[in-house]
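Q: So that you can map any letter, position 89 of the sequence shown is 117 in my numbering, and since no number is skipped, the others follow by simple counting.
Just so it is clear, CB atoms sit at the ideal spot from N, CA and C, and this is done for glycine as well.
Below are the structure tokens for one structure; questions will follow.
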Amino acid sequence: IIGILGEDPFGLYIDELVKGEAKSGHPIVIRRFNNLAEVKSAHILFIGKEADVDLAQINKLADEKAILTMSDLDGYARQGGIVEFYVEENKIKFLVNVKEGEGRNLQFSSKLLRLAKICCK
């Protein structure tokens with residue numbers, strides 16, 4: 029389950045992207061959440077800029093449930109998030125907070141990390 033909390037910058041594009049896709053025999057689905065209580069079912073969570081939530085609460089829940097969190101909030105990776113998207117030279121790039129990810133027992137492929145900027149070691 030890929031969850032989106034707050035502003036959804038993807039629209040229907042992300043729904044179409046995962047349509048018919050599966051991981052380990054389970055269909056990949058997109059769910060849009062209105063509050064933190066609903067997020068418990070997510071495996072991956074995107075926190076939009078307009079999400080009205082406390083990042084410390086999200087990080088606590090993500091730690092408990094081993095949720096991969098990502099956001100386009102400025103400084104998100106340094107605030108305990110795992111992946112932070114940003115724009116540089118008109119390109120979307122991302123930071124990965126490897127330390128936090130490893131703390132949630134998440135593993136990152138070397139191919140992904142070659143594309144990322146690593147932060148917060």
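1. What do you get for residue 52, buried or exposed, if any count of 16 or more other CB atoms within 10 angstroms of its CB means buried?
2. Going by DSSP, what residues sit across from residue 103 in a beta bridge?
3. Residue 76: which of 37, 142 and 93 sits nearest, CA to CA?
4. Over what stretch of residues does the beta strand (DSSP E) that includes residue 125 continue unbroken?
5. Counting only the same chain and skipping the five closest in sequence on each side, list residues whose C-beta sits under 6 Å from that of residue 123.
6. Over what stretch of residues does the beta strand (DSSP E) that includes residue 75 continue unbroken?
7. Measuring alpha carbon to alpha carbon, tell me which of 35, 137, 29 and 62 ends up nearest residue 49.
8. If you reduce the DSSP assignment to three classes, tell me which class residue 145 lands in.
9. Whose CA, out of 78, 80 and 95, lies closest to the CA of residue 12?
A: According to the structure data:
1. exposed
2. Paired residue(s): none; residue 103 is not in a bridge.
3. 37
4. 119–125
5. 105, 112, 145 and 147
6. 72–75
7. 29
8. strand
9. Beyond the ends of the chain as shown, which are 29 and 149, falls residue 12; an answer cannot be given.
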